[in-house]
Structures are given as C-alpha cells and as structure tokens.
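Participant: Residue numbers (the working numbering), protein chains in the order written: chain A, 56 to 332; chain B, 198 to 477.
See the structure below:
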C-alpha cells in the first residue's frame with residue numbers, strides 16, 4: 056500500500072503549519088430552512104504539502120476553498136494562514152478556478168501581469184515577468200492572443216501562470232482540470248506536478264477525481280456528503296514516483312479501491328439526501 | 198459522380214473559407230430580399246410605365262418619391278431647407294441621447310455596484326418605465342415649454358431608463374469568479390471596477406444602447422407631434438395633413454436611414470471596442 060491513514064491534525068503538524076482550519080463550519084440560510092454545507096472541520100497543511108480534498112459533489116469542498124480564499128466567511132471556526140486569520144482575499148493565496156475566470160478583454164500576457172500590476176509592480180516589469188511564466192507553462196507563443204482564442208487546456212495554463220505571477224504562499228485550486236478532456240488533463244497533471252516540485256509551493260487542491268488525487272497529492276482528505284466533514288485522511292506516496300504509468304500499478308489500483316469504497320457509501324448518502332430535499 | 202466530387206471539394210476546404218463563402222451567400226440573399234421588395238413597390242405603383250394598381254395618393258411610385266426629394270432639396274419645406282429639418286431633428290435626438298449615455302451609463306454602473314443606492318434609485322425608475330412616455334407629452338410641454346427642451350425630454354424619457362437598467366444589469370451579471378480572481382490577485386476595489394467590472398459590462402451596455410437607439414428614433418415622431426414647425430418628423434406629419442404622400446415617404450425614409458445608420462455606427466463601435474463580446 057502506497058497510501059497510509061494519516062492524522063492531519065496531530066499536534067506536531069499544527070505548529071508552523073502554512074494553513075490551519077479550525078472547527079470551520081458553514082451554513083446557508085437561517086432558521087428552519089438553513090442548510091449546513093460544512094460540518095465543523097479541522098485541517099492543517101504544511102509548507103510544500105500537496106493536499107487534495109476529494110468528495111462527492113455537494114460535500115462543501117468548494118465552500119471550504121471559498122472560505123480559505125477569503126470569498127466567504129465561515130459560520131463558525133476560522134481559517135489561518137501562517138497563524139493569521141483569513142478575513143478577505145489576498146495575494147499570498149493564489150486561486151485557480153475551473154474555468155471562465157480569465158479576463159477576455161486582456162491579452163494572455165496582460166492576464167498574467169494583472170496581479171503584479173495590481174500590487175504595484177511597474178507594468179513593463181510585470182509584462183516581462185509574465186512572459187517568463189508563460190514559458191514555464193508552455194505558452195510563450197501565445198502571449199499576445201486573447202484567452203477566448205485558446206483551447207480549454209491552454210486557458211487553464213494561463214490561469215495557473217496568472218496565479219503563480221504573484222508568487223503566492225499557497226495555491227488554491229478548485230477542480231481546475233475538471234472540464235478538460237482526458238489527454239489534456241493527464242498532460243496538465245504531469246505539468247502541475249513538475250511545477251510543484253520545482254517551486255515547492257503549498258497546494259490545496261479540490262477534486263472529485265480519485266486518480267487525480269492519488270497522482271498529485273502528498274496528502275488526501277476524503278470528505279463526507281453534506282454536511283461535509285473529514286471521513287478519512289491519508290498520506291500518499293504515489294506523487295513521489297517519476298513513473299508516468301504509475302496509475303497502472305497494482306498498488307495504485309488498491310489505493311484507488313480503498314478510497315472508492317469510502318466515497319461510494321458517501322455518494323449514496325448524498326443522493327438520498329438530494330432525494331429527500 | 199459529379200456530386201461526390203463536389204462534396205470532396207467542400208471537405209477539402211478549411212473552415213475560414215467555408216465561413217467566408219457562407220457570409221457572401223448571406224449578403225447576396227439579403228440584397229435579393231431588398232431588390233424584391235423594391236420590385237414589388239415599382240410593380241404596384243407602375244412608376245410611369247403602366248397603370249398603377251395602388252393610387253399615388255396611398256402609395257406614390259419610387260420615381261415620384263425621388264422627385265419629391267429633389268423638390269425638397271431645391272426648395273425646402275415650408276420656408277426652411279430640408280437640411281435644416283434633418284439637422285434640427287438630429288440635434289434633438291443627439292442631445293437627448295448623449296445626455297442619456299453620459300448620465301445613464303455611470304448611474305447604471307453605480308446602481309449595479311451598490312445595493313443601498315439600488316434600493317433608493319431603482320424602484321422609481323422601474324415604476325416610471327412602463328408609463329407610456331407620449332402620454333406625458335402635454336405635461337412636458339407645460340413644464341419645459343414649447344421650445345427644444347420639451348422635445349429633448351420626450352426623447353430622453355424612454356431612452357434613459359433603458360440605458361440605466363441595462364448598465365445596471367450588465368454590472369450585476371459580471372461573473373463572480375472573475376471578480377474573485379481579481380481580488381485574489383490583490384486588486385483593490387477600484388482596480389476590480391476599472392479593469393474587470395467595467396470591461397466585463399461593456400457588451401451589455403452596448404446592447405442597451407442599441408435597443409434605446411431605435412426607441413429614441415421612434416420618439417422623434419412623438420416629440421415633433423405638436424408645438425413645433427420644424428424637424429423631419431414634423432415635415433412628414435404636416436405633409437400627411439395635406440395628403441402629400443410623396444413628402445411623407447421622403448420623411449419616413451430619411452428617418453429610417455437615420456436609424457439604420459446610427460445602428461450600424463454603434464455596431465461598428467461595438468465590434469471595435471468589445472471584441473470579447475459573447476466569448477465566455
């Protein structure tokens with residue numbers, strides 16, 4: 056087994072953690088019609104961790120990311136970056152969305168230069184650095200195109216380069232490859248892994264794909280159906296492998312089976328919840 | 198055999214070429230539509246070639262209309278040149294429309310951005326919107342006199358709410374993700390507005406302006422209904438009283454061309470300024 060159960064909240068983990076989530080919960084609405092999206096939840100992410108959160112749809116994983124991103128306020132509990140409570144969006148947390156978050160009125164290079172310019176870097180320098188980042192994500196020939204002229208996979212690369220441009224402490228990724236076709240997705244997964252290895256960024260990655268989580272993550276959190284809480288958490292070693300065909304190994308399959316087993320009961324519960332609504 | 202060969206040829210062409218061909222065909226079909234309509238007009242009225250099927254009193258021939266146009270160019274209408282009538286109408290329309298854009302667009306943006314301001318200003322605008330503005334014409338005459346101001350107000354009355362509300366809706370429908378992306382990149386509220394909300398709203402604002410444009414030209418007729426003795430709509434209206442149908446048609450065609458030209462200008466501006474429109 057290349058995954059092992061792992062307590063993400065051990066006392067040794069919380070000291071000096073990059074991101075700590077404490078008893079975080081979120082409800083929408085109030086009174087009798089209130090819906091709890093996220094049950095009190097604890098997490099800690101250390102520097103250079105690649106943490107994947109896997110869960111059935113509607114389990115509140117995007118809500119978790121929105122709170123860490125500072126776009127939503129928690130109902131109870133708090134999220135901390137380097138010990139400071141998160142109150143609003145900030146440049147130390149780079150966010151990559153599923154799609155449709157690029158600025159279509161700006162060229163690709165202007166999209167990537169947007170963050171540094173907003174933070175006071177002179178336009179010329181920001182553009183120059185942006186071209187370097189576009190090279191990193193393999194888009195140097197497309198700097199002066201507009202996002203809508205690019206394929207879905209290329210657009211996600213722009214999104215990643217744009218998030219990296221501010222040199223954030225942590226990258227928050229909300230199912231960034233979910234809308235891509237299989238081949239493009241696998242290619243980009245390898246690329247994000249190599250970017251992660253080179254830069255040592257801390258990454259919080261939301262996905263519903265177990266393969267993706269096993270392939271990328273150093274740590275995996277499996278969430279329950281609504282209200283989302285941590286069902287199990289693992290340390291994963293597959294991401295250390297350099298074998299591009301790691302997904303075809305028996306260990307990988309066994310690990311996948313274990314997580315599928317956990318998620319299946321959750322997905323069934325989620326469906327019965329949907330039916331009850 | 199020849200058929201399959203043709204198919205093969207089509208298969209061999211790239212998409213851009215096929216698109217260009219389809220464009221050319223569409224333009225050709227549009228031209229045919231107008232030619233047929235014009236042909237029906239010529240046919241029904243005879244144009245001096247045969248006995249008209251419809252009396253010139255109801256529908257003068259194209260030739261008669263063109264002659265009326267030449268007469269108006271040479272002699273003017275009721276003591277003023279045709280250019281003066283067109284000019285005064287355009288002045289009334291352009292003043293009203295510029296005011297609506299200069300005030301209405303910023304106001305709409307503000308309404309879209311701020312909930313409290315929306316709560317104060319939107320309800321009265323929405324309440325006034327369904328009131329037929331022509332019904333207010335007598336009131337406008339009393340309030341704003343019989344000069345140009347009352348005409349400008351009549352044209353602006355329906356145009357203004359359309360522009361305000363479309364700008365407001367455009368702001369409110371800006372993708373939340375794009376705003377969040379900008380915030381996460383460290384952008385201040387002002388930067389988010391200037392570099393994200395404003396450009397993302399422009400396509401919606403342009404749509405509102407185009408809708409308002411046709412309504413504005415229509416209101417020109419209402420504006421020149423009474424209390425004036427100049428303007429192209431007034432010319433058509435008074436000519437109708439004397440059953441000078443040819444002059445009426447000249448006026449109608451000039452207003453149609455004016456509306457069409459303005460729409461083309463806004464469309465061209467839109468294509469130039471908001472190339473990202475509809476690309477999400």
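Beta carbons: idealized from backbone N, C-alpha and C, even for Gly.
No experiment lies behind these values; they were computed from the predicted model shown.
Taking C-beta to C-beta, are residue 178 of chain A and residue 164 of chain A nearer than 7 Å?
Facilitator: no
Participant: Find the nearest neighbour of residue 233 of chain A within the set A:152, A:275, A:196, judged by alpha-carbon distance.
Facilitator: A:152
Participant: Taking 7 Å as the CB-CB limit, is residue 150 of chain A close to chain C?
Facilitator: The structure shown contains no chain C; its protein chains are A and B.
Participant: Could you tell me which uninterrupted beta strand (DSSP E) segments, each at least 3 residues in length, are contained entirely in the stretch 231-295 of chain A, listed from first to last along the chain?
Facilitator: 257-262, 274-278, 285-291
Participant: With DSSP run on the structure shown, which of helix, strand or coil describes residue 371 of chain B?
Facilitator: coil
Participant: Which residues in chain B have a C-beta closer than 8 Å to the C-beta of residue 221 of chain A? List them in chain order.
Facilitator: 382, 383
Participant: Check the Cβ-Cβ distances between residue 146 of chain A and every residue of chain B, and say whether any is below 7 Å.
Facilitator: It does: the Cβ of residue 146 of chain A has a partner Cβ on chain B nearer than 7 Å.
Participant: Flag residue 225 of chain B as yes if its beta-carbon sits less than 7 Å from any beta-carbon of chain A, otherwise no.
Facilitator: no
Participant: Just to check my reading of the structure: residue 242 of chain A and residue 213 of chain A have Cβ atoms closer than 8 Å, yes? What is that Cβ distance to the nearest angstrom?
Facilitator: So it is not a contact: roughly 15 Å between Cβ atoms.
Participant: By the criterion of Cβ-Cβ separation under 7 Å, what are the contact partners of residue 378 of chain B in chain A?
Facilitator: 150, 152, 156
Participant: What's the C-alpha gap between residue 476 of chain B and residue 144 of chain A?
Facilitator: Computed Cα separation, rounded: 27 Å.
Participant: For the beta strand (DSSP E) holding residue 207 of chain A, just list the boundary residues, first then last.
Facilitator: It is not in any beta strand (DSSP E) - residue 207 of chain A instead sits in the alpha helix (DSSP H) that spans 207-220.
Participant: Where residue 393 of chain B and residue 231 of chain A are concerned, what is the direct C-alpha to C-alpha distance, given to the nearest angstrom?
Facilitator: 21 Å
Participant: Per DSSP, which one or two residues make a beta bridge with residue 107 of chain A?
Facilitator: For residue 107 of chain A, DSSP records a beta bridge to A:260, A:275.
Participant: Please name the residue in A:319, A:223, A:326 whose C-alpha comes closest to that of residue 109 of chain A.
Facilitator: A:319
Participant: Contact between the stretch 276-286 of chain A and the stretch 83-96 of chain A is defined here as three or more beta-carbon pairs at a separation below 8 Å; is this criterion met?
Facilitator: yes
Participant: Can you confirm whether the stretch 415-425 of chain B touches the stretch 349-358 of chain B when touching is taken to mean that 3 or more C-beta pairs between the two stretches lie within less than 8 Å?
Facilitator: yes
Participant: Can you tell me which residues form a DSSP beta bridge with residue 81 of chain A?
Facilitator: A:93
Participant: For residue 155 of chain A, I'd like the list of residues in its chain whose CB is within less than 6 Å of its CB, leaving aside the five on either flank, ordered along the chain.
Facilitator: none
Participant: In terms of residues, what are the limits of the beta strand (DSSP E) holding residue 149 of chain A?
Facilitator: 148-151
Participant: Give me the Cα-Cα distance between residue 471 of chain B and residue 220 of chain A, rounded to the nearest whole angstrom.
Facilitator: 26 Å
Participant: Along chain B, which residues have their Cβ under 9 Å away from the Cβ of residue 174 of chain A?
Facilitator: Those are 382, 383, 384, listed as they occur along chain B.
Participant: Chain B beta carbons: is any one of them nearer than 7 Å to that of residue 170 of chain A?
Facilitator: yes
Participant: Determine the burial state of residue 340 of chain B: buried for a count of at least 16 other Cβ atoms within 10 Å of its Cβ, exposed for fewer.
Facilitator: That one is exposed.
Participant: So, is residue 386 of chain B buried or exposed, given that buried needs 16 or more other C-beta atoms within 10 angstroms?
Facilitator: exposed
Participant: Quick one: Cα of residue 421 of chain B to Cα of residue 290 of chain B, how far?
Facilitator: 11 Å
Participant: For residue 130 of chain A, which of helix, strand or coil comes out of DSSP?
Facilitator: coil
Participant: Does any C-beta atom of chain A lie closer than 7 Å to the C-beta of residue 396 of chain B?
Facilitator: yes
Participant: Mind pulling the chain A residues with CB within less than 7 Å of residue 477 of chain B?
Facilitator: 155, 159
Participant: How many Å lie between residue 212 of chain B and residue 222 of chain B at the Cα?
Facilitator: 15 Å
Participant: 7 Å is my cut-off, CB to CB: does residue 126 of chain A come that close to chain B?
Facilitator: Yes, residue 126 of chain A lies at the interface with chain B (some Cβ there is under 7 Å from its Cβ).
Participant: DSSP has residue 59 of chain A in a bridge; who is on the other side?
Facilitator: A:290
Participant: Do you know offhand how far residue 383 of chain B's Cα is from residue 170 of chain A's?
Facilitator: 6 Å
Participant: If you check the beta carbons only, do residue 125 of chain A and residue 227 of chain A fall under 7 Å apart?
Facilitator: Annotated as distal: residue 125 of chain A and residue 227 of chain A, with beta-carbon spacing of 7 Å or more.
Participant: Quick one: Cα of residue 81 of chain A to Cα of residue 113 of chain A, how far?
Facilitator: 13 Å
Participant: Whose C-beta lies closer than 6 Å to the C-beta of residue 198 of chain B among residues of the same chain, with five residues either side of it excluded?
Facilitator: The predicted position of residue 198 of chain B is uncertain, since its pLDDT is 45 and thus under 50; a value taken from the coordinates is nonetheless stated next. Counting only Cβ-Cβ distances below 6 Å, and skipping sequence neighbours, we find nothing.
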